[in-house]
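A.B. asks: Using my numbering, the first residue of the sequence shown is number 3, and each one after it goes up by one.
This structure is in structure tokens; I'll ask about it shortly.
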Amino acid sequence: MLEHVSSVKQLMDKKLLQDLFDSAAQFERLSPSDYPQPLKNKIIASLFFEPSTRTRFSFETAIQRLGGQMITVENGNASSSAVKGETIEDTIRVVNGYADGIIMRHPMKGAAEIAAKYAKVPFINAGDGGGDHPTQALLDMYTVHKAKGSADGLKVMIVGDLLNSRTAHALIYLLSLYNVEFYFVSPSALSLPEEYKSHLQKRSLEFSENESWDDLLADTDIIYMTRVQKERFDSNDEYKKYKDAYILDINVTNQLNKNSIILHALPRVNEIAPEVDDDPRALYFEQARNGLYTRMALLSYLFSEQLK
Ligand code: NCD
Numbered sequence: 003m004l005e006h007v008s009s010v011k012q013l014m015d016k017k018l019l020q021d022l023f024d025s026a027a028q029f030e031r032l033s034p035s036d037y038p039q040p041l042k043n044k045i046i047a048s049l050f051f052e053p054s055t056r057t058r059f060s061f062e063t064a065i066q067r068l069g070g071q072m073i074t075v076e077n078g079n080a081s082s083s084a085v086k087g088e089t090i091e092d093t094i095r096v097v098n099g100y101a102d103g104i105i106m107r108h109p110m111k112g113a114a115e116i117a118a119k120y121a122k123v124p125f126i127n128a129g130d131g132g133g134d135h136p137t138q139a140l141l142d143m144y145t146v147h148k149a150k151g152s153a154d155g156l157k158v159m160i161v162g163d164l165l166n167s168r169t170a171h172a173l174i175y176l177l178s179l180y181n182v183e184f185y186f187v188s189p190s191a192l193s194l195p196e197e198y199k200s201h202l203q204k205r206s207l208e209f210s211e212n213e214s215w216d217d218l219l220a221d222t223d224i225i226y227m228t229r230v231q232k233e234r235f236d237s238n239d240e241y242k243k244y245k246d247a248y249i250l251d252i253n254v255t256n257q258l259n260k261n262s263i264i265l266h267a268l269p270r271v272n273e274i275a276p277e278v279d280d281d282p283r284a285l286y287f288e289q290a291r292n293g294l295y296t297r298m299a300l301l302s303y304l305f306s307e308q309l310k
């Protein structure tokens with residue numbers, strides 16, 4: 003049984019994913035007045051130590067839609083006791099005593115594992131530094147599932163800051179459950195860490211690392227753009243070198259095949275030109291909305307299982 007979702011690895015189960023997709027699809031069909039209320043009388047703490055719009059709002063909407071209530075810190079590095087030097091473990095120990103579940107985003111890779119170790123209530127990682135972002139991978143996969151049925155047999159291009167993008171890292175793990183071929187496209191200084199490549203090798207999945215996407219666009223089923231993660235760079239000059247390395251504009255989009263889909267976890271900066279937004283292949287705003295349904299599905303799952 004799933005207790006915490008600190009790592010995407012805990013979601014690496016095709017049957018579990020299918021159950022969560024079915025549940026998300028049901029929430030998508032129902033009108034809010036018909037939603038079940040598995041979080042009734044539950045208080046969920048949402049602790050955000052890094053900026054967020056989609057993740058925090060969709061979690062908080064999901065909690066309230068399911069009948070729960072929240073206590074929330076949305077600027078934890080300025081307004082929580084972290085400013086006074088409190089450790090993650092102490093914060094979690096204390097919040098254990100107030101809340102029935104904890105959702106946390108933190109700038110340090112590995113923070114979620116520490117928090118999960120001390121959490122006595124279900125804990126969900128909403129992004130830890132350049133590490134992992136399991137619920138983003140879940141909503142990305144749900145978007146793929148809706149658009150393509152299954153990821154089996156697809157060629158997936160992941161573009162941009164592959165070194166620091168936790169959304170790319172988490173998605174690679176979930177996609178690796180299926181027979182997917184990967185095209186990784188990044189500047190060599192921002193290439194994918196070894197851990198992910200050796201994982202794909204172990205699963206005998208094909209991938210290539212490329213600095214240019216030119217020859218690959220026509221042969222791509224899913225293009226997943228990422229933002230160059232400004233906050234992970236030591237210097238602004240270094241960030242500026244890479245921030246415009248790949249720009250998906252109309253000219254590039256025209257080279258993609260007509261059945262392909264374009265994804266991005268958002269927020270985007272320059273990497274997708276607004277002129278692409280009206281292309282029917284551009285699914286990134288629908289993807290963001292899917293975050294609500296998949297998070298409702300995950301919360302319902304965690305809390306209904308708990309009641310058994
Ligand atoms: C992403 C994140 O925080 O990792 N945003 C999100 O959760 N939708 C992507 C990003 O910030 O680039």
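Even for Gly, the Cβ is constructed at its ideal location relative to N, Cα and C.
These numbers were taken from a predicted model, which means no experiment stands behind them.
So what does residue 292 bridge to, in DSSP terms?
C.D. replies: On the sequence shown, position 290 is the one that residue 292 refers to. Per DSSP, none; premise fails for residue 292.
A.B. asks: What does DSSP give as the partner residue(s) for residue 61 in the beta ladder?
C.D. replies: Taking the sequence shown and counting its residues from 1, one reaches residue 61 at position 59. Bridge partners of residue 61: none, in fact.
A.B. asks: Give me the Cβ distance between residue 49 and residue 75, rounded to the nearest whole Å; I'm assuming they're in contact under 8 Å.
C.D. replies: The residue given as residue 49 occupies position 47 in the sequence shown. The residue given as residue 75 occupies position 73 in the sequence shown. Rounded, the Cβ-Cβ distance is 5 Å, consistent with contact.
A.B. asks: Exposed or buried, which one is residue 107 when buried takes at least 16 other CB atoms within 10 Å?
C.D. replies: Against the sequence shown, residue 107 aligns to sequence position 105. Per the 10 Å Cβ criterion, buried.
A.B. asks: Taking the Cβ atom as the reference point for each residue, do residue 178 and residue 14 lie within a distance shorter than 9 Å?
C.D. replies: Along the sequence shown, read from residue 1 onward, the residue named residue 178 stands at position 176. Along the sequence shown, read from residue 1 onward, the residue named residue 14 stands at position 12. Against a cut-off of 9 Å, the Cβ pair of residue 14 and residue 178 comes out as a contact.
A.B. asks: Under 8 Å: does the beta carbon of residue 129 sit that close to some heavy atom of the ligand NCD?
C.D. replies: To locate residue 129, count along the sequence shown from 1; it is residue 127. It does: the Cβ of residue 129 is within 8 Å (strictly closer) of some heavy atom of the ligand NCD.
A.B. asks: Give me the Cβ distance between residue 41 and residue 68, rounded to the nearest whole Å; I'm assuming they're in contact under 8 Å.
C.D. replies: As a position in the sequence shown, residue 41 is number 39, starting the count at 1. As a position in the sequence shown, residue 68 is number 66, starting the count at 1. That pair is a contact at about 4 Å.
A.B. asks: Using the Cβ count rule (16 or more neighbours within 10 Å means buried), how would you classify residue 310?
C.D. replies: Locating residue 310 in the sequence shown gives position 308, where the first residue counts as 1. Only weak support is given to the placement of residue 310: the predicted model assigns it a pLDDT of 42, under 50, and the question is left unresolved by the model.
A.B. asks: Is there a Cβ from chain D that is less than 9 Å from the Cβ of residue 170?
C.D. replies: Absent from the structure: chain D. Only one protein chain is present.
A.B. asks: Report yes if the C-beta of residue 4 is less than 8 Å from at least one heavy atom of the ligand NCD; otherwise report no.
C.D. replies: The residue you call residue 4 lines up with position 2 of the sequence shown. Residue 4 Cβ: outside cutoff for every heavy atom of the ligand NCD.
A.B. asks: Mapping the DSSP letters down to three states, classify residue 41 as helix, strand or coil.
C.D. replies: As a working note, residue 41 is residue 39 in the sequence shown. Here residue 41 sits in coil by DSSP.
A.B. asks: For residue 286, which of 297, 298, 273 has the nearest alpha-carbon?
C.D. replies: Along the sequence shown, one-based indexing puts residue 286 at 284. When each option's Cα is compared against that of residue 286, the closest is 273.
A.B. asks: For the ligand NCD, is there any heavy atom lying closer than 8 Å to the beta carbon of residue 52?
C.D. replies: The sequence position of residue 52 within the sequence shown is 50, counting from 1. Within the cutoff, so yes.
A.B. asks: Helix, strand or coil for residue 31? Go by DSSP, reduced to three states.
C.D. replies: Taking the first residue of the sequence shown as position 1, residue 31 is located at position 29. Three-state result, residue 31: helix.
A.B. asks: Measuring CA to CA, which of 240, 226, 225 is closest to residue 369?
C.D. replies: Nothing can be reported for residue 369, as the shown portion of the chain is limited to 3 through 310.
A.B. asks: Since residue 185 contacts residue 210 with CB under 8 Å, what's their CB separation in whole angstroms?
C.D. replies: Taking the first residue of the sequence shown as position 1, residue 185 is located at position 183. Taking the first residue of the sequence shown as position 1, residue 210 is located at position 208. Residue 185 to residue 210, Cβ: 6 Å. Contact.
A.B. asks: Applying the criterion that 16 or more other CB atoms from any shown protein chain within 10 Å of the CB defines a buried residue, is residue 151 buried or exposed?
C.D. replies: On the sequence shown, position 149 is the one that residue 151 refers to. So residue 151 counts as exposed.
A.B. asks: So what's residue 252 in DSSP terms, helix, strand or just coil?
C.D. replies: As a first step, residue 252 must be located in the sequence shown, where it is residue number 250. The answer is helix: DSSP assigns residue 252 an H, G or I state.
A.B. asks: Consider the C-beta atom of residue 206 and the heavy atoms of the ligand NCD; say whether any pair is separated by less than 8 Å.
C.D. replies: Here residue 206 is taken as the residue at index 204 of the sequence shown, counted from 1. Flag unset: Cβ of residue 206 not near the ligand NCD.
A.B. asks: Round the Cβ separation of residue 164 and residue 188 to the nearest angstrom and send it over; I've been treating them as touching at under 8 Å.
C.D. replies: As a first step, residue 164 is located in the sequence shown; it is residue number 162 there, counting from the start. As a first step, residue 188 is located in the sequence shown; it is residue number 186 there, counting from the start. Confirmed, about 4 Å.
A.B. asks: Is the beta carbon of residue 165 within less than 8 Å of some heavy atom of the ligand NCD?
C.D. replies: On the sequence shown, residue 165 is found 163 positions in, with the first residue counted as 1. Answer for residue 165: no, Cβ out of range of the ligand NCD.
A.B. asks: Alpha carbon to alpha carbon, what distance is there between residue 213 and residue 190?
C.D. replies: As a working note, residue 190 is residue 188 in the sequence shown. As a working note, residue 213 is residue 211 in the sequence shown. Distance between the alpha carbons of residue 190 and residue 213: 7 Å.
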